[in-house]
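Going by the working numbering, the sequence shown opens with residue 3, and the numbers climb by one from there. Think of the CB as a built atom: it goes at the ideal place given N, C-alpha and C, for glycine as much as any other residue. Structure record follows, encoded as structure tokens.
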Amino acid sequence: MAEAEMSCRELVELVTDYLEGAMSPSERIRLEEHLQICRGCRAYLDQMQQTIQVVGHLPEESVTPSAQEELLKVFQAWKANGPNGPARAT
């Protein structure tokens with residue numbers, strides 16, 4: 003039985019494990035398959051990689067649950083509205 007497609011929310015929750023190589027092979031495949039079809043998550047992953055390069059290692063415990071939830075909300079709003087903000091009726 004094939005595993006369900008990964009959601010954007012799940013990817014955001016697992017990105018640290020992905021970047022640290024701490025995922026099972028099957029989860030890594032699911033995440034990489036999602037990245038192939040989701041431009042927003044590719045951009046998110048790229049931003050995380052750039053941030054880690056600039057500030058160094060980012061241990062998961064350094065991000066509070068409330069900060070993680072806030073970042074997720076901002077990312078979801080960005081993904082829903084696109085990089086140019088909300089769609090406007092003309």
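Contact check, residue i vs residue j, beta carbons under 9 Å
i: C40; j: L13; result: yes
i: Q70; j: L21; result: no
i: L44; j: L33; result: Reading off the sequence, residue 44 comes out as Arg, not Leu. Their beta carbons are not under 9 Å apart, which means R44 does not touch L33 by this criterion.
i: D19; j: E35; result: no
i: Q55; j: R11; result: no
7 Å Cβ shell around residue i - same chain, five flanking residues per side excluded
i: L47; result: V17, L37
i: K81; result: C10, G42
Exercise. Quick one: complete alpha helix (DSSP H) runs, 4+ long, within the segment 28 to 89?
Worked result: 41 to 57, 67 to 83
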